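Visitor:
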Amino acid sequence: MSCLIKPFHAIDGSKFKAVNNRDRNFTSAKLQRRMEEIESSINRYLTELDTADRQEPTVAKAKSERLQDKIVALKEQMKALKDIEVQLNETPDKQISLTDPDARSMKTRGVGIVGYNVQTAVDTKHHLIVAHEVTNTGTDRDQLSAMAKQARTAMGVQDLNVIADRGYFKSEEILACHEAGITAIVPKCKTSGAKAAGRFDKAAFIYHAQSNEYECPAGQRLIWRFSRLENGLNLHRYWSSHCQQCDIKAKCTPSEQRRISRWEHEDVLDAMQTRLDQAPESMRIRRQTVEHPFGTLKAWMGATHFLTRQLKNVSTEMSLHVLAYNMKRVMNIMGPTTVIEAIRA
């Protein structure tokens, strides 16, 4: 039976352009690259200056003055970049935007923009935006639980079901949703290269909770060996002593043993995977739910997107757009007369 017989909310983020040209946004790498370009140009003009001195006096004078002006302008640019470098080193994320100080360089479908990452939670039934937040963090991995809790508060309910794409998959965030009583469906990120290399991936190993062991495709048991902390997660390690004698070892691992890691709260992720397996249409519903509001909002806002600067002002601007979107959506669903009567009441 599908999990999506319950009301769900789809969570997603989209990048919106800020009032800040890419040329006025600097990271350490971008700044270094620009300094090297200026240094190269200065050296080229100095070489041309030496060549100009060997030409006829009238020609040499005019060319030398032009080259000197260019060199002076480039040295002024270099000085300005040095000042920016000092400011850059004082920022926590080593990034600075000159026009809108809160805007950040972000990647969207392989193209870099300077802007904001707008998060929304949209109900899958009516496509209304029930919660939103403007962030200047380029990734979605830390946004799931915060957006889900905002959506639950906005809906005034205790239990909430949310769907998000694999960009939101982070073990700690999914655990936070679970502990808050929020049911999440997020596809796991495929980080192992075993399957691509023609070997068994982790999904081929069956975990037996009662004995705290894994069963491998050859029927052998991988037993618990030790636990350790990795990237803030407490991971248990399992392997079998039979690997060296296994007939299908080549299909499993090039190492001495096939080792499996299991997070201490892996059962939460397993339960979520079961929900996803029982609701194969969930990702299609997610796309149909969240892409329409973002597309509509960007069409209304135009190619330049935001008109204001700084996070607090941009957040207000987005709130007005969301309000307009929801008002128009409600009128489409209920009819303008019903909405006007509800407002008057």
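Okay, so the sequence shown: first residue is 1 according to the working numbering, each after it adds one.
By construction, the Cβ of each residue, glycine as well, lies at the ideal position given by its N, Cα and C atoms.
Because the structure is a prediction, the values reported are computed rather than measured.
1. Please report the distance separating the alpha-carbon of Arg-258 from that of Asp-267.
2. Only counting runs of 3 or more residues, tell me where the beta strand (DSSP E) segments fall wholly within the stretch 217-273, in order along the chain.
3. Tell me the rounded alpha-carbon separation between Ser-255 and Asp-247.
4. With H, G and I counted as helix, E and B as strand and the rest as coil, what does DSSP make of Trp-69?
5. What did DSSP end up calling Ala-29 once you bin it into helix, strand or coil?
6. Tell me where the alpha helix (DSSP H) around Thr-355 begins and ends.
7. When the Cβ atoms of the stretch 65-84 are set against those of the stretch 100-114, are three or more pairs found closer than 8 Å?
8. Is there contact here, the stretch 119-133 with the stretch 31-51, by at least three beta-carbon pairs under 8 Å?
9. Rounding to the nearest angstrom, what Cα-Cα distance links Phe-200 and Gly-193 in this structure?
10. So Tyr-116 packs on Asp-140, CB below 8 Å; how close in whole Å?
11. Pick from Ala-164, Gly-13, Leu-307, Ile-38: whose alpha carbon is nearest that of Lys-75?
12. Between the beta-carbon of His-9 and the beta-carbon of Val-162, is there less than 8 Å?
13. What do you get for Ala-196, buried or exposed, if any count of 16 or more other CB atoms within 10 angstroms of its CB means buried?
14. Pull up the DSSP beta-bridge partners for Tyr-168, would you.
15. Give the range of the alpha helix (DSSP H) segment to which His-126 is assigned.
16. So, with DSSP's three-state summary, where would you put His-305?
Guide: Straight from the coordinates:
1. Walking along the sequence shown from the start, residue 258 turns up at place 258. Walking along the sequence shown from the start, residue 267 turns up at place 267. Approximately 21 Å, taken between the alpha carbons.
2. 221-230, 233-239, 260-263
3. The sequence position of residue 255 within the sequence shown is 255, counting from 1. The sequence position of residue 247 within the sequence shown is 247, counting from 1. Those two C-alpha atoms are separated by around 14 Å.
4. Here the question's residue 69 lines up with position 69 in the sequence shown. In the sequence as presented, Trp is not what sits at residue 69; that position holds Asp. Residue state, collapsed to three classes: helix.
5. Here residue 29 refers to the residue found at position 29 when the sequence shown is read from its first residue. If DSSP states are grouped into helix, strand and coil, Ala-29 belongs with the helices.
6. Residue coverage of the chain in this structure runs from 1 to 345, which leaves residue 355 outside it and unanswerable.
7. no
8. no
9. Taking the sequence shown and counting its residues from 1, the one referred to as residue 200 is at position 200. Taking the sequence shown and counting its residues from 1, the one referred to as residue 193 is at position 193. Those two C-alpha atoms are separated by around 10 Å.
10. The residue labelled residue 116 in the question sits at position 116 within the sequence shown. The residue labelled residue 140 in the question sits at position 140 within the sequence shown. Actually they are not in contact, since the Cβ atoms of Tyr-116 and Asp-140 sit about 13 Å apart, beyond 8 Å.
11. The count along the sequence shown starts at 1 and reaches residue 75 at position 75. Minimum Cα distance to Lys-75 is reached at Ile-38.
12. Here the question's residue 9 lines up with position 9 in the sequence shown. Here the question's residue 162 lines up with position 162 in the sequence shown. Yes. Within cutoff.
13. Translated into positions along the sequence shown, residue 196 becomes position 196. Its Cβ having fewer than 16 others within 10 Å, Ala-196 is exposed.
14. Position 168 of the sequence shown, counted from the first residue, corresponds to residue 168. Tyr-168 pairs with nothing; no bridge assigned.
15. Residue mapping note: residue 126 aligns to position 126 of the sequence shown, counting from 1. It is not in any alpha helix (DSSP H) - His-126 carries neither H nor E in the DSSP assignment.
16. Taking the sequence shown and counting its residues from 1, the one referred to as residue 305 is at position 305. Coil.
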